[in-house]
Amino acid sequence: MKRSVRIFAVAACAAALFGSGGTASADPPPAQPPVGSHCGKPGENKVITSVHTCATINSNCTGYDMMIIGRVDKWGHCVIPGMNGTTW
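Residue numbers -26 to -1, 1 to 62, in mature numbering (1 follows the signal peptide of the UniProt record, and there is no 0), belong to the letters of the sequence shown in order.
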């Protein structure tokens, strides 16, 4: 294989792997909604949690926000039951 053909092949592979220097017209991914914003159907009492899921306010939450077992508050954080308007 000639040297110039080999260099062209390597350059083509690099462009395919790493993109074309920002000239591609791919759409950026949509921004995630902020934590605590409403989600779900209108009238449902759901918020975006700190792990970016849609959960009902005062539902059980485990394993995030450094809590073992807690409740989702209206700001989307997992808190100790009884705090921030949650119940046991």
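Every residue gets a Cβ at the ideal spot worked out from N, C-alpha and C, and that includes glycine.
Residue i: which of the options sits nearest, CA to CA?
i     : options                       : result
Glu18 : Thr61, Thr30, Val53 and Pro55 : Thr30
Ser24 : Asp47, Pro16, Pro2 and Pro3   : Asp47
Ser11 : Thr36, Ile43, His26 and Ser33 : His26
Lys20 : Asp1, Ala(-1) and Trp49       : Trp49
Thr6  : Cys28, Ala(-1) and Gly56      : The residue you asked about is not Thr; residue 6 is Gln in the sequence shown. It is Cys28 whose Cα lies nearest to the Cα of Gln6.
Is it buried or exposed for residue i, if we count other Cβ within 10 angstroms and need 16 for buried?
i     : result
Ile22 : buried
Gly44 : buried
How would you write the range of the beta strand (DSSP E) that residue i sits in, first residue to last?
i          : result
residue 72 : For residue 72 there is no data in the structure shown, the boundaries of the chain being -26 and 62.
Ile43      : Ile43 to Val46
Thr30      : Cys28 to Thr30
Asn34      : Asn34 to Thr36
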